[in-house]
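Working notes, beginning with the structure itself.
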Amino acid sequence: MTDMRLADEASGDESARVASWRLLLGNPVTTTSAVVLVGIVVVALTARRIAPYGTNKIDVADALQPPTGAHWFGTDELGRDIFSRVLLAAHASLQIALASVAFAFVVGVTIGVISGYRGGLLDAVLMRVVDVMFAFPVLLLALAIVAILAPGSATTILAIGIVYTPIFARVARASTLSVRVEPFVAVSRTLGTGHLYMLGRHILPNIAGPVIVQTSVSLAFAILSEAALSFLGLGIQPPEPSWGRMLFDAQGFVQRAWWMGVFPGAAIFATVLAFNLLGDGLRDVLDPKQRTMIEARRQR
Amino acid sequence: MRRPKVLVGIGLVIAITLTACSTGERVDLGNESSQNLIAAIAGEPDQLDPHKTSAYFSFEVLENVYDTLVEPDENLEMRPALAESWEVSGDQLTWTFHVRQGVTFHDGSPFSADDVVYSYKRIIDQKLSNADRFRAVTDVTAPDKSTVKITVAQPTPNLLSNIGGFKGTAIVQRKNVESGEIATHPIGTGPFAFRSAKSGDSITLAANKNYWGGPPLISGVTFRFIPEASTALSALQAGEIDWTDSIPTQRVEELKTDDSINLGVTPSNDYWYLALNEARKPWNDVRVRQAIAYGVDRHAIVQATGYGTATVNQLAIPKGGPWYTEYHGYTLDIAKAKSLLHEAGVKDLTIDMMATSQYPETVTAAQIIADNLAALGITVKIRSMDFAAWLDEENAGNFDMLMMGWLGNIDPDDFYYAQQHTGGKSNAQKYSNPDVDGPLDAARAETNRDARAGLYARAATIVADEASYIYLYNPSVIQAWSKSLAGYQARPDRAIRFRTAALN
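If you're matching them up, the sequences are chains V and G in order.
Heads up, the first sequence is in the numbering used here, so the first residue is 6 and it goes up one at a time.
Heads up, the second sequence is in the numbering used here, so the first residue is 656 and it goes up one at a time.
As structure tokens, this is what we get:
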């Protein structure tokens, strides 16, 4: 009887997963954002090779040129090619976003799962710490961290990572709490399953949905945060290109050189929007309630 | 001998406080409100005690509240202010000042020679930020209500600029100091009296009807704090404010053709420089410093930071000034720079260069310098930080190279002594050369103007040859004001004087 139920659970899971992919790809918005993201990642990875000019090649005599065949996105106040800089900034931005979200993911999910699974005093203590971190406005906390450490890429990764850790902890804990009381967990426990096996086999796979959605959305916010920190001069340090820093530099030249701000701005816009829409699409298929609605719509 | 041989300097003006901008309206001063001038400054004064603050934002306000014994005119020659006249004894060791009679402080109490003695003794005894200006002074006394005697240890040709170059040596009121109100509610003898302050927003001054120079033509001045240059400019163009000095150099060309405002672009006595930390290897090797001086493209830096408003200069004192020295020791010469580095036996250098967002020109120039020096095989790592942190790092000697500027200098002593003399107060690069110290010390006591100029030319040339400072350029003072504001001029020392301003 017990074995039967477990087997059912497993096979149901299997078929649902296949359907998830199909549902995901069936949504044109999600597919488009996924394609855009793949494009951005490919550009970021090959930026050094495909950029037509050096990132920091300064030529003051050629400053503030509007977009032309030679400089697709024009040149900035130091005569640097904006197209090349936007491409290379993609690499830096994505790297920081991925690294910081990976940090937040690992630390946050670990805290959340342990907290939710163990409960009791440990849960109370961990969640109060998380509450304290939540009480700070995100950017303010990141600013404080950067102010303590010296500005730079590593600090930016750490700052954004720390700032987004509580969100992952919360999501992971909430899901763990609901999974923990599922009958199959209780059964597995009565069969003498060890904690580690339990976490790995039963808890983690079943909280994956919300955590994956959170990852996608957090990537969008991490890119925004990095841009904001760099804009304030606390993220990627000049002369290394960063979309946020490029926007900051463009400020003083809005009247003279619109292209200095428009292209890095568009890059931030496209990347953040793509991550957000992908997150929405993922949530639609990974959240059971939403999913039923989509399936119903499709059947009509 | 009325003609001042020498003048004074402010030193680096520190602007620490940044405040949020506000979209205020004209301050209501009753039926006089139409005659109230609104000036936008880029930040809030840290405090209003002229002897203690070193922030330029404070002095923009205090210039209008306080007086000094003597003050620089538009050509930076020292003229009578609270002192009507003065004499120097034959041995050059006693200066006698005859102070103006009938002058009152803003609270109505009379001003006398005792206030001058009190003010100077306060600076000297408490070792306040401008105590250095009184280094040669041995005593200050008031034999009667209208006479001040200053005795000096050695002839001091630049005494007048030391005591009157800027409002850091202003004459303050004892009562105001002792009550502790001077930091927030200063009382002076100047053309405008402090009226009120709104933290983070503005400071309002009201005209002093009893001003010894004649009552101002406007009823008051409101200094609004607008950190964002484009916001201040838009406010000026929209007629919300009458005056601003936050003007990015790249907008000057465009503003010149804007008929709705007046633009003042005046060559200044400020200078920007690079300094290498000689307490660290290999920057203690003169050849390495010279290599950097040969490797830096000054014209590109001037173009990208000044947009035609700045002038390349390889020494500190700008062309056209009475103390200018011709010097063209360096050209952009990569081959020469490489051979100097080779001679010095250094390679694969990495430079930790400090820049600060407070002065965007340092970040812009740093990027050009990084690109320039890459050609020499030198990697420049730029550290851009806020100015408070920047100053801490400078004082701690925690840098390889920095770019900074000095402003408000008048006398050549201001340009060179503190920066280049062994152990000088502003000698952060730890330069030390007896051949420079000698003429700098001698020039402080040299009363013959030509001989004095020769001493400074000698010292400055060595400083540049040895690249203690790698001088870059002299910027301009750039200010804009509305068409309705008359009787105002942008000054080369950046003093903001509204005493003769009128609003039509």
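Glycine included, each C-beta is placed from N, C-alpha and C at the ideal position.
- Listed along the chain, the chain G residues whose CB falls inside 9 Å of the CB of Leu83(V) are Ala955, Ala959, Thr1019, Gln1022, Ile1023, Asp1026.
- Looking at the DSSP output, Ile165(V) shares a beta bridge with no other residue.
- For Arg1104(G), no CB of chain V lies under 8 Å from its own CB, so it is not counted at the interface with that chain.
- A straight line joining the alpha-carbon of Ser901(G) with that of Asp285(V) spans about 45 Å.
- The beta carbon of Tyr1086(G) sits closer than 7 Å to those of Glu933, Gln1075, Ser1123, all from its chain and outside the five residues before and after it, given in chain order.
- Secondary structure of Glu742(G) (DSSP, three-state): strand.
- According to the DSSP secondary-structure assignment, Leu1158(G) is paired through a beta bridge with Leu1140(G).
- When DSSP states are grouped into helix, strand and coil, Lys974(G) belongs to the coil group.
- Between Arg1113(G) and chain V, the shortest Cβ-Cβ separation is not below 8 Å.
- When the Cα atoms are used, Pro798(G) and Val720(G) turn out to be separated by approximately 27 Å.
- In the three-state DSSP reduction, Ile696(G) falls in the strand class (E or B).
- Residue environment for Pro188(V): exposed (fewer than 16 other C-beta atoms within 10 angstroms of its C-beta).
- Secondary structure of Ser709(G) (DSSP, three-state): coil.
- The criterion of a C-beta distance shorter than 8 Å is not satisfied by Ala147(V) and Ala159(V).
- Counting only Cβ-Cβ distances below 8 Å, Glu909(G) has contacts in chain V at Gln260, Arg261, in chain order.
- Residue state for Ser857(G) is assigned as strand, using DSSP reduced to three classes.
- Close partners of Gln905(G) in chain V (Cβ separation under 8 Å): Glu82, Gly257, Phe258, Arg261.
- In the DSSP annotation of this structure, the continuous segment of the alpha helix (DSSP H) that includes Lys993(G) starts and ends at 989 to 999.
- An exposed status is given to Asn1050(G), since fewer than 16 other beta-carbon atoms sit within 10 Å of its beta-carbon.
- Put simply, the CB of Gln242(V) is near chain G, with a gap under 8 Å to one of its CB atoms.
- Within the stretch 1027 to 1040 of chain G, the residues whose Cβ lies closer than 9 Å to any Cβ of chain V are, in chain order, Asn1027, Ala1029, Val1035, Lys1036, Ile1037, Arg1038, Ser1039, Met1040.
- Sequence-ordered contacts of the stretch 44 to 65 of chain V with chain G read Asn61, Lys62, Ile63, Val65 [C-beta pairs closer than 8 Å].
- Taking 8 Å as the threshold, the shortest C-beta distance from Ala94(V) to chain G does not fall below it.
- In the displayed model, Val216(V) falls within a helix according to three-state DSSP.
- Taking the CA atoms as reference points, Tyr866(G) sits about 31 Å from Asp925(G).
- Excluding its 5 nearest sequence neighbours in each direction, Ala227(V) has C-beta neighbours in its own chain below 6 Å: Ala102, Ser105, Val106, Ile165, listed in chain order.
- When secondary structure is reduced to three states using DSSP, Thr796(G) falls in the strand class.
- Around the beta carbon of Ala255(V), 16 or more other beta carbons sit within 10 angstroms, so the residue counts as buried.
- With contacts defined by Cβ atoms closer than 8 Å, Gly868(G) and Pro846(G) form a contacting pair.
- Excluding sequence positions up to five before and after Thr1102(G), its CB lies within less than 8 Å of the CB of Lys660, Gln747, Pro810, Pro812, all in the same chain and listed in chain order.
- Nearest neighbour of Gln70(V) by Cα position, chosen from Ile87(V), Tyr122(V), Thr170(V), turns out to be Ile87(V).
- Contacts between Ser1012(G) and chain V, judged by CB atoms closer than 7 Å, involve Gly238 in chain order.
- In the three-state reduction of the DSSP assignment, Ser89(V) falls in the helix class.
- Secondary structure at Phe139(V): helix, using DSSP grouped into helix, strand and coil.
- Rounded to the nearest angstrom, the Cβ distance from Ala1098(G) to Asp1068(G) is 7 Å, consistent with a contact under 8 Å.
- Positions of the beta strand (DSSP E) runs, each at least 3 residues long and wholly inside the stretch 905 to 952 of chain G, are given as 916 to 922, 926 to 931 in order along the chain.
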